[in-house]
Every structure is written in C-alpha cells, then in structure tokens.
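Engineer: One structure follows; several queries about it will come next.
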Ligand SMILES: *Cc1c(COP(=O)(O)O)cnc(C)c1O
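Below is the structure:
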C-alpha cells in the first residue's frame, strides 16, 4: 500500500518534470513520517526510501535510535533552541532556520560536537502570521550574518505554502520562492549556496516541482492521513 502511494507520488513528480523539461533525478522526495510508526518507515526503507522528515525533536530521536543509520533525517518543524544540541550531529538537513539566535545556537552546538550542520532558511513568503520563517525582504541580511559561522552550511531555502483548497493558488508563491533563490544565488554570498529549494507538500507538490522545487516534503500522500489523537 505504501509502495502504491509512493509510486503515485513519483508518477506525478515525473509528469511535472516532463511538463517543464526537468530532470526527475534532481528531485528529492522526503517522506514526512511524523506521527507514523517505525514499521511504516521500515516498509518504505525496504523499497529504497532514505529521506524522512520529522517535525519534533523527541520523535526524531526515538526513530533515529532504532532505524538504520543510512537514513537521512530532515528536521522540518520549528526548532527550539534548547533542543538543538540533541540533533545537530544526527540530521542531514535542518529546513527551518529562521533567526540569527537559532543559527547561533546551532553554530555553538555544532562546534562542541565538531560537526558541520547543513541548513535551509525558512521563508514566510505569504507573510502568514501563523507561520514561522523570515520575511523575504529580511533574508539577505540574515544570510550575511549566518555566513560567518564556520559550522553551518546554508544550502538553500524552504517554505511552507498556505493551506489552500486549490493548489494552483500557491503557484505564485512557489514562483516567487524560485526567483528569490535565484536572486540570492546571483549575489554570490560567501559560504552560501542556493542549491536546494524545499517546497511543496501533499496538496501542492506537483505545482511546486513545476515551479522549481527540488526537494518536496510529502506526508499524507505517502503515509495516509495523520491522527493526532492516538499516540
Ligand atoms: C507535516 C509537514 C509536511 C507534510 O505535510 P502533508 O500535507 O502531510 O504532505 C511538510 N512540511 C512540513 C514543514 C510539515 O510540517
């Protein structure tokens, strides 16, 4: 069943790539496993999935502990500074850095553990009050502060687009994100690359890929609906 869901997602990604003459191999699909049991992750692991996304530190650690070590864990949720120390040396990528204070904490903890932490900067492109992320006009300043940190590598941008009924409504947000990423790349800021653009979720990943996402975060369409009551 999970295999069928994954195949369906891959098929839609392929269609988006074909429509825009993009290379499907450039797209990383992150299976967002938050609230889902170990067995489901193992099932996907056994058919080749290696990228999984979690939004809570404790849950990520619990799963990290028992699952194979070649899994790439993506921290996609809001990260509290006091929890940074538990994950800096365990995650492949932190998608949700949106403040200098958080980056400073990551730098400090990474130095202690003698590791380099790969991050994305979360951008609140739609300026939704309920969402985390730096506003686009403040992005460059933040990047020019973070780029002095020797234990952090900024690899690109991430956004959580608005929760809309018709995914077409988010197309413009995705286009703006792509343009922002290209603009920043052209500034050639030291130690900063814009090689990753993480955007698109179950509802709108096909459109995100068409507009330039090369990392999509898909939960519901792979694992089925989440139930937050039984845990
Ligand atoms: C939960 C979550 C997703 C996946 O959402 P679905 O709609 O289930 O695909 C993607 N990104 C973030 C940041 C999330 O918290």
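Numbering (our numbering), first residue to last: 126 to 356.
The C-beta atom is built at its ideal place from N, Cα and C for all residues, glycine as well.
On a predicted model such as this, the values are computed, not experimentally measured, just so you know.
Go ahead and pull the three-state DSSP assignment for residue 141.
Structural biologist: DSSP places residue 141 in helix when its eight states are reduced to three.
Engineer: List the endpoints of the continuous beta strand (DSSP E) containing residue 322.
Structural biologist: Residues 317–323.
Engineer: Beta carbon of residue 221, beta carbon of residue 257: below 8 angstroms?
Structural biologist: Yes; because the gap between Cβ atoms is below 8 angstroms, this pair is in contact.
Engineer: With burial defined as no fewer than 16 other Cβ atoms inside 10 Å of the residue's Cβ, what is the status of residue 284: buried or exposed?
Structural biologist: It counts as buried.
Engineer: In this structure, how does DSSP classify residue 247 when only helix, strand and coil are distinguished?
Structural biologist: The answer is strand: DSSP assigns residue 247 an E or B state.
Engineer: Quick test of the definition: if touching needs 3 or more C-beta pairs under 8 angstroms, does the segment 289–305 touch the segment 317–328?
Structural biologist: Because the criterion of three Cβ pairs below 8 angstroms is met, the segment 289–305 and the segment 317–328 touch.
Engineer: Would you mind sorting residue 336 into buried or exposed? The rule is 16 or more other CB atoms within 10 Å of its CB.
Structural biologist: Its Cβ being crowded by 16 or more others within 10 Å, residue 336 is buried.
Engineer: To the nearest angstrom, how far is the alpha carbon of residue 178 from that of residue 328?
Structural biologist: Their Cα atoms are separated by approximately 17 angstroms.
Engineer: I need the DSSP call for residue 135, collapsed to helix, strand or coil.
Structural biologist: Reduced to three states, the DSSP call for residue 135 is helix.
Engineer: What is the DSSP secondary structure of residue 351, reduced to helix, strand or coil?
Structural biologist: Three-state result, residue 351: coil.
Engineer: Compute the Euclidean distance between the alpha carbons of residue 310 and residue 213, then round it to the nearest angstrom.
Structural biologist: Taking the straight line joining both Cα atoms gives about 25 angstroms.
Engineer: Taking the alpha-carbon positions, what's the residue 174 to residue 156 distance?
Structural biologist: Rounded to the nearest angstrom, the two C-alpha atoms are 8 angstroms apart.
Engineer: Please classify residue 133 as buried or exposed, where buried requires at least 16 other C-beta atoms within 10 Å of its C-beta.
Structural biologist: Answer is exposed; the Cβ neighbour count stays below 16.
Engineer: Among the residues of its own chain, which have a CB less than 6 angstroms from the CB of residue 131, if the five just before and after it don't count?
Structural biologist: The answer, listed in chain order, is 347.
Engineer: Residues in its own chain within less than 8 angstroms of residue 167 by CB, not counting five upstream and five downstream?
Structural biologist: Excluding sequence neighbours, residue 167 sits near 192.
Engineer: Are the segment 230–238 and the segment 257–268 in contact at 8 angstroms, needing three or more beta carbon pairs?
Structural biologist: The segment 230–238, when compared against the segment 257–268, does not touch it at the 8 angstroms Cβ threshold.
Engineer: Of all the options 244, 260, 243, which has the alpha carbon lying nearest to the alpha carbon of residue 251?
Structural biologist: Nearest option by C-alpha distance: 260.
Engineer: So for residue 177, helix, strand or coil by DSSP?
Structural biologist: Note: residue 177 maps to strand in three-state DSSP.
Engineer: Going by Cα to Cα distance, which pick from 148, 160, 287 is closest to residue 344?
Structural biologist: For the residues 148, 160, 287, the minimum Cα distance to residue 344 belongs to 160.
Engineer: Out of 240, 247, 208, which has the shortest C-alpha to C-alpha gap to residue 223?
Structural biologist: Here the closest residue by C-alpha is 247.
Engineer: Please determine whether the Cβ atom of residue 343 lies at a distance below 7 angstroms from any heavy atom of ligand 3.
Structural biologist: Ligand 3 is not part of the structure shown, which contains ligand 1 as its ligands.
Engineer: In the structure shown, what three-state DSSP assignment does residue 146 receive?
Structural biologist: Note: residue 146 maps to coil in three-state DSSP.
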